[in-house]
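For reference, the structure discussed in these notes is given below.
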Amino acid sequence: MGVTGPIPKRSEERRRRNKDDGPELVQAPSAPPAELPDLPEPDPNWHEIATDWYLSLRESGQAAFYQPSDWAVARYAAELMSRGLSSDRPPNGQYVAALNSVMTSLLTTEGDRRRARIELERKKPAQQAPASVTAIADYRASIGG
Numbered sequence: 000m001g002v003t004g005p006i007p008k009r010s011e012e013r014r015r016r017n018k019d020d021g022p023e024l025v026q027a028p029s030a031p032p033a034e035l036p037d038l039p040e041p042d043p044n045w046h047e048i049a050t051d052w053y054l055s056l057r058e059s060g061q062a063a064f065y066q067p068s069d070w071a072v073a074r075y076a077a078e079l080m081s082r083g084l085s086s087d088r089p090p091n092g093q094y095v096a097a098l099n100s101v102m103t104s105l106l107t108t109e110g111d112r113r114r115a116r117i118e119l120e121r122k123k124p125a126q127q128a129p130a131s132v133t134a135i136a137d138y139r140a141s142i143g144g
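Every letter in the sequence shown is one number past the one before it in numbering that gives the first Met the number 0, and letter 39, counting from 1, is 38.
As structure tokens, this is what we get:
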């Protein structure tokens, strides 16, 4: 598991690069891994949110680091999540903390991955054209300016 404390910045957001931060940073593509083991399908009785979460792990870049035991933990977390979401009672703090702990061990959030020194490469946004000067002039004219 990674360190506690504030979430470290992404490597491209850091100003100082001469300080050794501990273990070497591992970068991986944010796309789903090329090969996944044969994974069991989600339980049809699971809550929709739990099913979506479990299936999203297959599409996430951190899945490249998962071993069969990690996928078993993911199924366990989805089962816990489903039972909590399907319950008539509101979730208590202990339940939420336990579920968050299991999800953290699977590196499901960016903060969890940064603490473990794993970064998923972000897709570069498509270059947007700057606002046209004519559009601004037309807007001014329409408001009487």
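Idealized CB from N, CA, C, for every residue including glycine.
- For residue 119, the uninterrupted beta strand (DSSP E) run begins and ends at 117-120, by DSSP.
- Residue 25 is bridged by DSSP to 117.
- DSSP places residue 59 outside both helix and strand once states are collapsed to three, so it counts as coil.
- According to the DSSP assignment, residue 70 belongs to the alpha helix (DSSP H) that extends over 67-85.
- For residue 25, same chain residues with a beta-carbon under 8 angstroms away, outside a window of 5 residues either side, are 116, 117 and 118 in chain order.
- Rounded to the nearest whole angstrom, the C-alpha separation of residue 64 and residue 121 is 17 angstroms.
- Per DSSP, residue 97 is one residue of the alpha helix (DSSP H) stretching across 92-104.
- The region 80-95 and the region 42-50 touch, with three or more beta-carbon pairs separated by less than 8 angstroms.
- Taking a 10 Å sphere around the C-beta of residue 60, we find 16 or more other C-beta atoms and assign the residue as buried.
- Taking C-beta separations shorter than 8 angstroms and ignoring five residues to either side along the sequence, the partners of residue 73 in its chain run 53, 56, 65 and 105, following chain order.
- Between residue 41 and residue 50, the C-beta spacing is below 8 angstroms.
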